[in-house]
């Protein structure tokens, strides 16, 4: 398969902080429309991987291509976001002082330049889209509440809603079900699977039940590089994986 | 009546005072007051010929403009102002010979030509002095006057001279005379070499003269020598700048080092830091007052006593501030900044109300006064001690943070508060003591700064911005960064000063820091990685 | 469309404030010019100038609130923009003196004659025209802010670091303006103004005119600021204040947003300074001192940051207090001001207006009070 057909292409990406190698020649390929689960022990480089993809951290060496042609290593976060890469953080980060509605309005796909936002007023389609997302994320009753007053689970959902509003080609989701009840976890899995139809998704997760629920290809990271890749059952049977991660 | 009395008295003294050789010299001395420059010059030459050291004070008095002619009898006397008139002394013996009215004496005038003769004569006379110091000074005097008349005396003295330093000075003086006169080229070229060796501003001036007027061979040698001297001078100039930079850097280090603890280690923005320095300076003032009052003889020790006092006073104020205000504001740096600014205003006003708005006098102990020469450098003891002190404080802090249990607690609390708490470290107490430590160090800085700056309520204001610049420039949370930052900023500042002037130099440094912070927002020695963002 | 833009930010608070300003704009001229000097309702020229000064400070506080309250940039150098605007106006006023100065030189201001200068420096050209000076009043602070902000925001200098370099900026300007070589009057600054737009600057009617101009500028500044804050851009700004990196991952170039607010704020501060100078009659480098910038911060904090109306109220209240204290109990003023800093940050973190709002709807307070030093290494 040529790199042109990939959505995201990482090759030989390395990052080190003060001598500590967070990523060690990491290579990873995501195809359009694919959902991928990334697992690995603490310090395996999962969050750093998200950081280099989204421009928060610059890799020391390596190539990162989006849609087979755009080099992400030279771009800043907003530019990467506008290419169509959305990110959900490990700790839910929503704009607490803004209402749920405003959070979604800020995320909605629309011109991002200051003067455009100064004169922006929501069109009928914009409002309809926000209503739709409110429905999907079951936040309609909360629309005028400040996001800071939501429960932990609701914030996670709002953040997923914000990703939907962004309408990215690739979603990076960091531990979406941390701190959720079993019921919420199950709903989140359904929600992500719905999204995966139209978008590519990378999910980083510790919760094995949740990963099994997703039922997608799994990549195991260890010490900053790929240890194993395949279905959950395949990697679960991998001796190395058991040693470094699952066995413990 | 009064005048007659004086006359009588003088006459009596003149009879009583003379000694054997003074009698021989007396006519020559009298000749100094003959009334015109030529006569005076002749008399000087006559005195010089005697080679008698007793002549030296006479000619020195002439040089200083103290030598007068008494109108009543034409006697040459040393007259010094005393009340409305003059007190008279005999130039040869130094014995008092009464007083005179202002109009009763007339000053012996000298012109520039005479002035030169005088210094050359003095030079020649003193070249034979038994005291090596005097001989060296005399050689220097000849070096400056370039008087050809002194050449013979110089040659004689050189032949006898055994002291190495005096010899060098005499050789240089001889070279200066030769170069200025009309000696053969070979001598002049040799003189150029000697002057090149000397290599200071005076030597350069002489060489410049030779390069413009001498024969081709001399010109050539002089031009080469000038290049070498200039290089050497530039080197010493750089060294002097380096010293000034080091000196300023150590002052910055002292002011910033406490901030490196409160801001760097704890992350607390203490805008009242400058006031901790100010309090330390006032503590020094109070300690000195106590010494002046009760133990003036031990005044030299006052600074040493002031150190622990200032540390404890500033530290106690710091602990009080931490417990009453700052502990409520942890995690809100901007609010901390504002509250501590308010405290700094109140502290300034408090000191102003107690001690008054004017500067307070803080004296320097004798061991911190004066200066010494090191090659082409002039170094004052006060600055030297401050440099030493700054490094001592820095070293002590480093050891305290690395090797003591208290330092371990501070680092534990900084790195993981809840874990430290769980391990039995009393975090609240560590916070208070850390802040107290930072403030106490500021107090120590105040002791040092009281020696070189005005002790006024505004003392701290002058240092607060600089201190923050140093800590931010060096990288927050890194003591070594603070050291490098302070020395670098001090050095840059002093190197810019000769070209840009003090104020513009400072502005340039501020602009440089503003640009630098934008390039490396976390300073010179920044922590990298996830810990920073967390 | 434009009207709607400007009106969308106006709420009840704004209504009250604009009404008060409208009343002032009518009542002050009537009381100053339309009443007999011995009437109890009469306002002296001095009082009018004092009120005008308070309102200039209110505009400065408003501009500061725009960046501190809504973008989270605590500027400790806003007095720099204020003073630059003031100097631009001062230069115009100096040129209006013409040959009426002490030395009677029609081409050069007195201080240049005193320094034996023979030619007007290039940067003084144009300042004999009011329109030119009026543009410079906003352009000079605006350009400085743009250049400063462009560097600072692009390199992501935030929090206390940003605060400290804004302080260094105003400190450097103060040192520079103290120099005679700057050609702006050195230590003494610019003073002894005679007239503005042809009106005698000392006359009661001119003072009233300047006061009304200040009221209008403050009202306009308020309406503009509310409109900006209420727009989607304003929501982005607040989002930047609360979670800047999150905003970046949404695709907003946060640097540009900050730069927009920062530059706009500097221009507003410049206008405030320009109105301040003819009313107090002097501008000198001590206005650049870091202390004046921090004092402006406390006006905002007292009134309530992020409320726009609060800083206006805070500026007037604190400066009224300052006038009272420095006249009656000069020894105590710095204690009072210092105490105000401590009390407001400890007990009134949202200021007077914020307190009211806080009591109304009890939002779950963000867990900031319990956070300890180790948690904020990244500041």
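Chains as they are written, first to last, in our numbering: chain A, 1 to 248; chain B, 1001 to 1534; chain C, 2001 to 2379. Virtual Cβ for every residue (Gly too), placed ideally from N, Cα, C. Computed from a predicted model, the values in this text were never measured in an experiment.
Could you tell me how far apart the beta carbons of residue i and residue j are, in whole angstroms, since I believe they sit closer than 8 Å?
i	j	result
residue 1179 of chain B	residue 1195 of chain B	7 Å
residue 203 of chain A	residue 214 of chain A	7 Å
residue 101 of chain A	residue 143 of chain A	5 Å
residue 2321 of chain C	residue 2336 of chain C	7 Å
residue 88 of chain A	residue 160 of chain A	6 Å
residue 2285 of chain C	residue 2169 of chain C	The Cβ separation is near 14 Å, so there is no contact.
residue 163 of chain A	residue 150 of chain A	Not quite, the Cβ-Cβ distance comes to about 16 Å (not below 8 Å), so this is no contact.
residue 1054 of chain B	residue 1092 of chain B	6 Å
Residues of chain B with CB under 9 Å from residue i, in chain order?
i	result
residue 2071 of chain C	Near residue 2071 of chain C there are no residues of chain B at all, since even the closest Cβ is about 13 Å away, more than 9 Å.
Find the residues of chain B that neighbour residue i, judging by a C-beta separation of less than 8 Å, and give them in chain order.
i	result
residue 2341 of chain C	1338, 1339, 1341, 1342, 1343 and 1345
What residues from chain A crowd round residue i, counting only those whose CB sits closer than 7 Å?
i	result
residue 2235 of chain C	98, 102 and 106
Taking residue i as the reference, which of the options has the closest Cα?
i	options	result
residue 1102 of chain B	B:1395, B:1121 and B:1072	B:1072
residue 1233 of chain B	B:1197, B:1216, B:1244 and B:1248	B:1197
residue 2221 of chain C	C:2123, C:2286, C:2325 and C:2309	C:2309
residue 2158 of chain C	B:1472, B:1253, B:1397 and B:1133	B:1472
residue 2164 of chain C	C:2191, C:2303, C:2243 and C:2290	C:2290
residue 2172 of chain C	B:1523, B:1504 and B:1519	B:1504
residue 1381 of chain B	B:1402, B:1448 and B:1035	B:1448
residue 2090 of chain C	C:2244, C:2319 and C:2274	C:2274
residue 1267 of chain B	B:1034, B:1516, B:1434 and B:1037	B:1434
residue 61 of chain A	A:147, A:22 and A:67	A:22
residue 2208 of chain C	C:2303, C:2120, C:2353 and C:2049	C:2049
residue 1349 of chain B	B:1272, B:1325, B:1245 and B:1428	B:1272
residue 1155 of chain B	B:1147, B:1144 and B:1170	B:1170
residue 2153 of chain C	C:2245, C:2051 and C:2127	C:2245
residue 2317 of chain C	C:2295, C:2252 and C:2358	C:2295
Below 7 Å on C-beta distance, what does residue i contact in chain B?
i	result
residue 2345 of chain C	1329, 1335, 1338 and 1339
residue 2286 of chain C	Per Cβ cutoff of 7 Å: no residues; residue 2286 of chain C is ~13 Å from chain B at best.
residue 2297 of chain C	1338
For residue i, which residues in chain A fall below 9 Å Cβ to Cβ?
i	result
residue 2192 of chain C	Per Cβ cutoff of 9 Å: no residues; residue 2192 of chain C is ~43 Å from chain A at best.
Would residue i pass as a contact of residue j if the rule is Cβ separation under 8 Å?
i	j	result
residue 200 of chain A	residue 217 of chain A	no
residue 2072 of chain C	residue 2269 of chain C	no
residue 63 of chain A	residue 5 of chain A	no
residue 134 of chain A	residue 154 of chain A	no
residue 1265 of chain B	residue 1477 of chain B	yes
residue 1444 of chain B	residue 1263 of chain B	no
residue 1467 of chain B	residue 1256 of chain B	yes
Quick one: which chain C residues come within Cβ less than 8 Å of residue i?
i	result
residue 1353 of chain B	2331
Could you work out which residues of chain C lie near residue i, taking near to mean beta carbons separated by less than 7 Å?
i	result
residue 87 of chain A	2249
residue 1469 of chain B	2168
residue 82 of chain A	2251
residue 1521 of chain B	2155, 2156, 2157 and 2161
What does residue i touch in chain A if you count any residue whose Cβ is under 8 Å from its own?
i	result
residue 2350 of chain C	Those within 8 Å of residue 2350 of chain C in chain A number zero; the least Cβ separation is about 12 Å.
residue 2238 of chain C	95, 97 and 98
Cβ closer than 9 Å: which chain C residues qualify as neighbours of residue i?
i	result
residue 120 of chain A	2231, 2232 and 2233
residue 1515 of chain B	2151
The stretch 2250 to 2268 of chain C contacting the stretch 2027 to 2039 of chain C, beta-carbon criterion three pairs below 8 Å: no
Given 8 Å, three or more beta-carbon pairs between the stretch 1308 to 1325 of chain B and the stretch 1268 to 1277 of chain B: yes
Stretch pair the stretch 2064 to 2083 of chain C + the stretch 2110 to 2119 of chain C: three plus CB contacts closer than 8 Å: no
contact_flag[the stretch 1388 to 1402 of chain B, the stretch 1285 to 1301 of chain B] where n(CB pairs < 8 Å) is 3 or more: no
Three or more C-beta pairs below 8 Å linking the stretch 1135 to 1152 of chain B and the stretch 1164 to 1181 of chain B: yes
Stretch-stretch touch, CB-based, cutoff 8 Å, three pairs: the stretch 1234 to 1247 of chain B with the stretch 1294 to 1314 of chain B: no
Validate contact between the stretch 1342 to 1360 of chain B and the stretch 1204 to 1219 of chain B using beta carbons, cut 8 Å, 3 pairs: no
The stretch 2339 to 2353 of chain C contacting the stretch 1326 to 1344 of chain B, beta-carbon criterion three pairs below 8 Å: yes
Meets three-Cβ-pair contact criterion under 8 Å: the stretch 2014 to 2028 of chain C and the stretch 2177 to 2186 of chain C: no
Touching by the beta-carbon criterion (3+ pairs, under 8 Å), the stretch 63 to 79 of chain A and the stretch 2194 to 2211 of chain C: no
Three-pair Cβ contact test at 8 Å for the stretch 2291 to 2305 of chain C versus the stretch 2183 to 2193 of chain C: no
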